[in-house]
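Each protein sequence line maps, in turn, to chains A and B.
According to our numbering, the first sequence holds residues 1 to 251 in order.
According to our numbering, the second sequence holds residues 252 to 502 in order.
2 protein chains.
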Amino acid sequence: MRSVSVALAVLEAVSERQPVGVSELSRAMALPKSTTQRMLLTLGELGWIRAGGEEPTRWSLTAKAMAIGSRHRGDEEIRRIALPAMHRLSAATGETVHLSVPDERRVVLLEKIEGLHPVRTNAVVGHGAPMHTTASGKALLAAMPEAQAAALLRAAPLEALTPHTDTDADALLRELEQVRRQGYAVTVGTRHPDIAAVGAAILGTSGRPVATLSLSLPAQRLPRRLWPVYGEQVARAAEECSRELGGERPA
Amino acid sequence: MRSVSVALAVLEAVSERQPVGVSELSRAMALPKSTTQRMLLTLGELGWIRAGGEEPTRWSLTAKAMAIGSRHRGDEEIRRIALPAMHRLSAATGETVHLSVPDERRVVLLEKIEGLHPVRTNAVVGHGAPMHTTASGKALLAAMPEAQAAALLRAAPLEALTPHTDTDADALLRELEQVRRQGYAVTVGTRHPDIAAVGAAILGTSGRPVATLSLSLPAQRLPRRLWPVYGEQVARAAEECSRELGGERPA
DNA sequence: ACGACTGTGCCACTGTGTGGAACGGTGAAC
DNA sequence: GTTCACCGTTCCACACAGTGGCACAGTCGT
Numbered sequence: 001m002r003s004v005s006v007a008l009a010v011l012e013a014v015s016e017r018q019p020v021g022v023s024e025l026s027r028a029m030a031l032p033k034s035t036t037q038r039m040l041l042t043l044g045e046l047g048w049i050r051a052g053g054e055e056p057t058r059w060s061l062t063a064k065a066m067a068i069g070s071r072h073r074g075d076e077e078i079r080r081i082a083l084p085a086m087h088r089l090s091a092a093t094g095e096t097v098h099l100s101v102p103d104e105r106r107v108v109l110l111e112k113i114e115g116l117h118p119v120r121t122n123a124v125v126g127h128g129a130p131m132h133t134t135a136s137g138k139a140l141l142a143a144m145p146e147a148q149a150a151a152l153l154r155a156a157p158l159e160a161l162t163p164h165t166d167t168d169a170d171a172l173l174r175e176l177e178q179v180r181r182q183g184y185a186v187t188v189g190t191r192h193p194d195i196a197a198v199g200a201a202i203l204g205t206s207g208r209p210v211a212t213l214s215l216s217l218p219a220q221r222l223p224r225r226l227w228p229v230y231g232e233q234v235a236r237a238a239e240e241c242s243r244e245l246g247g248e249r250p251a
Numbered sequence: 252m253r254s255v256s257v258a259l260a261v262l263e264a265v266s267e268r269q270p271v272g273v274s275e276l277s278r279a280m281a282l283p284k285s286t287t288q289r290m291l292l293t294l295g296e297l298g299w300i301r302a303g304g305e306e307p308t309r310w311s312l313t314a315k316a317m318a319i320g321s322r323h324r325g326d327e328e329i330r331r332i333a334l335p336a337m338h339r340l341s342a343a344t345g346e347t348v349h350l351s352v353p354d355e356r357r358v359v360l361l362e363k364i365e366g367l368h369p370v371r372t373n374a375v376v377g378h379g380a381p382m383h384t385t386a387s388g389k390a391l392l393a394a395m396p397e398a399q400a401a402a403l404l405r406a407a408p409l410e411a412l413t414p415h416t417d418t419d420a421d422a423l424l425r426e427l428e429q430v431r432r433q434g435y436a437v438t439v440g441t442r443h444p445d446i447a448a449v450g451a452a453i454l455g456t457s458g459r460p461v462a463t464l465s466l467s468l469p470a471q472r473l474p475r476r477l478w479p480v481y482g483e484q485v486a487r488a489a490e491e492c493s494r495e496l497g498g499e500r501p502a
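Below, the structure written as structure tokens:
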């Protein structure tokens with residue numbers, strides 16, 4: 001279905017470059033200008049994008065796209081189960097807690113509880129990052145069958161977001177060994193230079209990872225001696241969620 | 252562009268009924284089964300929906316839709332400016348603070364700061380509600396030209412989400428008068444039976460409302476004498492954001 | 001006044017999307 | 001075991017929806 005494919009590609013491109021005009025977009029996507037314009041008009045009529053406001057010929061997403069996207073499935077159940085654990089974790093550590101879900105080779109932030117420290121990380125609900133750059137992602141990779149993790153990591157070159165990002169699939173796979181042993185993953189500056197994170201996976205009934213909990217905090221607030229402290233707490237919280245997802249009553 | 256229109260309608264329908272099968276969906280949308288099936292397969296190939304997991308023939312949204320939706324425009328600037336004010340407001344009141352944006356006749360939650368009380372409202376970032384059912388929505392309506400508010404309210408019948416929801420457009424328009432005078436809107440049980448909210452609009456450079464701040468809390472925690480107290484605080488915070496959006500340095 | 005850009009509208013061609021009908025599999029009813 | 005109703009899947013001839021080259025109008029910087 002060609003036109004649908006193109007239309008959704010346009011929608012995605014708009015989301016990345018908004019606000020964007022017809023010519024610029026058609027150039028970026030190597031698409032005829034008339035086609036691009038028809039797509040934009042159609043998407044506009046359907047209420048997914050809009051070209052109003054100050055620059056009346058440049059298009060941006062409407063909130064409709066957000067409203068629809070936020071209905072991502074599993075939301076209700078995972079969110080409901082994880083929220084209490086997230087609050088407890090946040091209260092115990094004073095740090096920001098993230099609940100994320102996998103999407104292909106990325107992890108997407110589903111929910112967060114902000115910590116109390118005045119210096120905060122400010123991730124945005126709904127945004128995503130490559131799996132190999134986050135503690136959540138590594139925890140997910142470690143919790144899935146090794147063959148699957150290897151396939152994901154080798155499907156494409158691993159992008160480096162900072163100088164500390166691991167870009168070697170084989171090294172990463174070895175690192176996952178350790179994550180599996182200790183039950184949590186720690187990253188320092190692999191996504192943003194000064195941000196560290198501690199993550200652990202939540203498992204569904206099938207034993208496959210369906211989500212992760214993670215702490216996200218400034219690197220200087222996570223000295224090495226705290227790794228196991230926070231790590232154990234996050235792992236325990238994630239495990240509670242896994243058990244409850246499996247049908248067991250919470251402790 | 253027929254096929255695109257249908258495809259996006261299917262995507263939206265899936266988001267509302269997930270997980271959903273071919274026949275059920277085709278019936279619900281009054282669409283030929285073969286067409287529905289082709290749409291689902293296409294959307295699946297493009298990574299927007301997936302039919303894996305336990306029920307291998309029922310489709311659900313992937314996180315891709317969420318990731319794209321969360322790039323809704325204005326995000327960066329409004330969020331950046333509003334977050335400090337939200338934190339202050341949350342610290343001052345101990346309650347949950349919401350940042351929402353308008354979308355046609357609805358308001359969509361863009362960001363939230365959770366309060367400290369153990370009894371919490373649990374709204375989900377990205378979800379929306381009809382304007383006339385929320386304090387944020389009323390604050391928005393009051394801040395736009397009256398003709399525009401009237402047009403929005405009269406475009407379609409006003410849905411009642413609870414027995415307390417106002418469904419009379421004219422009465423609502425009169426209520427907006429008062430909101431304009433005092434600078435904030437208060438709702439009690441108009442969206443969920445036991446939830447109250449206090450909202451005020453953030454204005455952009457054009458003077459049009461672009462977003463709102465609101466407090467959301469259990470109704471019993473908002474006795475009438477607190478209305479002006481919280482109202483003033485929310486209005487002041489919103490005004491700070493408006494001024495900063497207009498280019499002025501924050502105080 | 002010119003040129004290099006925007007965004008917009010037109011229209012003949014063709015290839016893409018349509019949807020009815022038929023197929024194989026699964027589960028409940030009897 | 002047999003029947004039936006429903007599921008998801010596949011096929012295919014027809015026709016119309018989508019394509020994209022081209023020409024036009026407005027706006028900016030020179």
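For every residue, glycine included, the Cβ atom is placed at its ideal position computed from N, Cα and C.
Treat the numbers as computed from the prediction; the structure is a model and nothing was measured.
To which residues of the same chain is residue i closer than 6 Å at the C-beta, ignoring the five residues directly before and after it?
| i | result |
| --- | --- |
| Ser242 (chain A) | Ile202, Leu203 |
| Val188 (chain A) | Ala196, Ala219 |
| Ala316 (chain A) | Limits of chain A in this structure are 1 at one end and 251 at the other, which puts residue 316 (chain A) out of reach. |
| Leu222 (chain A) | Ala196 |
| Gly497 (chain B) | Thr456 |
I'd like to know if residue i contacts chain A, where contact means its C-beta is closer than 8 Å to some C-beta of that chain.
| i | result |
| --- | --- |
| Lys389 (chain B) | no |
| Leu561 (chain B) | No answer is possible for residue 561 (chain B): the residues shown for chain B start at 252 and end at 502. |
| Leu312 (chain B) | yes |
| His378 (chain B) | yes |
| Leu334 (chain B) | yes |
| Glu365 (chain B) | yes |
| Arg442 (chain B) | no |
For residue i, report the span of its beta strand (DSSP E) as first-last.
| i | result |
| --- | --- |
| Arg476 (chain B) | That residue, Arg476 (chain B), is in no beta strand (DSSP E); it is neither H nor E in DSSP. |
| Ala447 (chain B) | 446-454 |
| Leu360 (chain B) | 357-364 |
| Val188 (chain A) | 185-188 |
| Ala462 (chain B) | 460-469 |
Check the Cβ-Cβ distances between residue i and every residue of chain B, and say whether any is below 8 Å.
| i | result |
| --- | --- |
| Ile68 (chain A) | yes |
| Arg71 (chain A) | yes |
| Met131 (chain A) | no |
| His117 (chain A) | no |
| His98 (chain A) | no |
| Arg221 (chain A) | no |
| Met1 (chain A) | yes |
| Thr42 (chain A) | yes |
| Leu141 (chain A) | no |
| Ser5 (chain A) | yes |
| Ile78 (chain A) | no |
| Asp194 (chain A) | no |
| Gly52 (chain A) | no |
Which value, in whole angstroms, describes the spacing of the CA atoms of residue i and residue j?
| i | j | result |
| --- | --- | --- |
| Leu217 (chain A) | Thr121 (chain A) | 6 Å |
| Asp168 (chain A) | Pro228 (chain A) | 25 Å |
| Ser285 (chain B) | Arg268 (chain B) | 19 Å |
| Ile332 (chain B) | Leu140 (chain A) | 34 Å |
| Val370 (chain B) | Glu104 (chain A) | 36 Å |
| Pro396 (chain B) | Leu424 (chain B) | 11 Å |
| Val14 (chain A) | Leu40 (chain A) | 9 Å |
| Val210 (chain A) | Arg301 (chain B) | 14 Å |
| His117 (chain A) | Ser90 (chain A) | 11 Å |
| Glu296 (chain B) | Ile319 (chain B) | 17 Å |
| Gln429 (chain B) | Ala398 (chain B) | 16 Å |
| Tyr481 (chain B) | Glu495 (chain B) | 21 Å |
| Ala411 (chain B) | Arg58 (chain A) | 36 Å |
| Met382 (chain B) | Ala149 (chain A) | 45 Å |
I'd like the list of long-range same chain contacts for residue i, defined as Cβ closer than 8 Å, with 5 residues on each side in sequence excluded.
| i | result |
| --- | --- |
| Arg79 (chain A) | Leu99, Leu110, Glu111 |
| Ala253 (chain A) | This structure cannot speak to residue 253 (chain A), because chain A is shown only from 1 to 251. |
| Trp48 (chain A) | Leu11, Leu61, Thr62, Lys64, Ala65 |
On the DSSP letters alone, give me the boundaries of the alpha helix (DSSP H) that residue i sits inside.
| i | result |
| --- | --- |
| Arg289 (chain B) | 284-296 |
| Ala400 (chain B) | 397-405 |
| Asp417 (chain B) | Where Asp417 (chain B) is concerned, there is no enclosing alpha helix (DSSP H), given that its DSSP letter is neither H nor E. |
| Val376 (chain B) | Here Val376 (chain B) belongs to no alpha helix (DSSP H), and DSSP marks it neither H nor E. |
| Leu11 (chain A) | 2-17 |
| Val273 (chain B) | 273-280 |
| Leu141 (chain A) | 135-143 |
Return the chain-ordered list of same chain residues with a C-beta closer than 7 Å to the C-beta of residue i, the five sequence neighbours on each side being excluded.
| i | result |
| --- | --- |
| Arg208 (chain A) | Met144 |
| Ala135 (chain A) | Ala185, Val186, Thr187, Ala197, Val198, Gly199, Ser214 |
| Val431 (chain B) | In the sequence as presented, Val is not what sits at residue 431 (chain B); that position holds Arg. Once the five neighbours on either side are set aside, the close Cβ partners of Arg431 (chain B) are Ala393. |
| His338 (chain B) | Ile364 |
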